[in-house]
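Structure, as structure tokens:
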Amino acid sequence: MPREALLAKTLVELADSLVADFDVVELLTHLVDRCVEILDVSAAGLMLVAPAGDLRLMASSSEAMRLLELFELQAQQGPCLDCFRTGQPVVNSDLTARDGPWPRFSAQAVEAGFHSVHALPMRLRGTVIGALNLFDFEAGRMREDDVEAAQALADVGTIGILTHRAALEARVVNEQLNQALNSRIAIEQAKGMVAERTKHDMQSSFSTLRDYARSHNLRLVDVADDIINGRLDVPALDRPPGADSA
């Protein structure tokens, strides 16, 4: 398949994979594998920033690439780290140069057989979430159209990651909302039970529940649940803290 057609096919495949509950690791692994197929490189790897702010290896096209990326993280020097920190591409870096910026990393990369490296930022609207690393066994410059294609692939991966994070955050918000709604239902039910048994109005019954929860350092919803399930008698709500154990 011609290079341009494979690039277009890959972009469509990556976009189609952005559905609910998609496998983000599979998406990124597919991305780095296709980078090797489409671009004039020998290996590819991808790192993402963790919540703590440090980079983590997420995908690699080969075992040699995985080990080199792990070394880069351990040594805290290399193109992927520089690309992530600056948000700018690092292209056409000669790993055999004596005055290179990453002496320890370059030596390890050359030992693994690589001679040139490129790194593209994974960013969207100023937010950098990681970097795509591209290595070649041969020395030389990457063509400009290959750099643009690599950045396009990195951008699609970025959209996929941010979509995944947004979906997870939305799910957490929905779970919290459902929990809040269920809590309110339980409180309303308990409030009605207190009102029925004490002959107080609903506002006074709610205040009784709330005062008991506060004085006993309990959550209001837990007190309501205890009333509903018979673990706490309504008359006990008027007892001061410690009275039950006295």
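Going from the sequence shown to this note's numbering is simple: count from 1 and add 995.
Cβ atoms here follow ideal geometry from the backbone N, Cα and C, with glycine treated the same way.
Counting other Cβ atoms within 10 Å of its Cβ, Q1103 reaches 16 or more and is therefore classed as buried. Between A1054 and V1020, the C-beta spacing is below 8 Å.
Burial state of M1060 is buried, judged by a 10 Å Cβ sphere holding 16 or more other Cβ atoms. Taking C-alpha positions only, V1036 is separated from C1078 by approximately 18 Å. Nearest to A1134 by alpha-carbon distance, out of F1109, D1049 and R1120, is F1109. S1088 sits in a strand when the DSSP states are folded into three classes. With respect to the 8 Å criterion, T1153 and R1118 are classified as neighbours on the basis of their beta carbons.
CA-CA distance, R1051 to D1206, rounds to 48 Å. Note that the C-beta distance between P1236 and H1195 is not below 8 Å. Boundaries around H1113 are those of the beta strand (DSSP E), S1111 to L1119, since no alpha helix (DSSP H) includes it. The criterion of a C-beta distance shorter than 8 Å is satisfied by L1127 and A1039.
Between V1142 and A1114 the beta-carbon gap is near 11 Å, outside 8 Å, which marks them as no contact. Rounded to the nearest whole angstrom, the C-alpha separation of V1218 and N1169 is 24 Å. Among the bridge pairs identified by DSSP, L1062 is matched with none. Annotation for F1132: no beta strand (DSSP E) segment contains it, and DSSP assigns it neither H nor E. Sequence-distant Cβ neighbours of A1149 in its own chain, meaning closer than 6 Å and more than five residues away, are L1115, M1117 and L1127.
Between the alpha carbons of D1094 and P1046 lies a distance of about 34 Å.
Of all alpha-carbon atoms in E1191, Q1146, V1151 and I1182, the one lying nearest the alpha-carbon of Q1083 is that of Q1146. Rounded to the nearest angstrom, the gap between the Cα atoms of G1073 and L1026 is 21 Å. For R1209, the enclosing alpha helix (DSSP H) covers residues M1197 to S1210. About 6 Å separates the CB atoms of V1189 and V1229; that is less than 8 Å, so the two are in contact.
When rounded, the separation of the alpha-carbon atoms in M1197 and K1186 is 6 Å.
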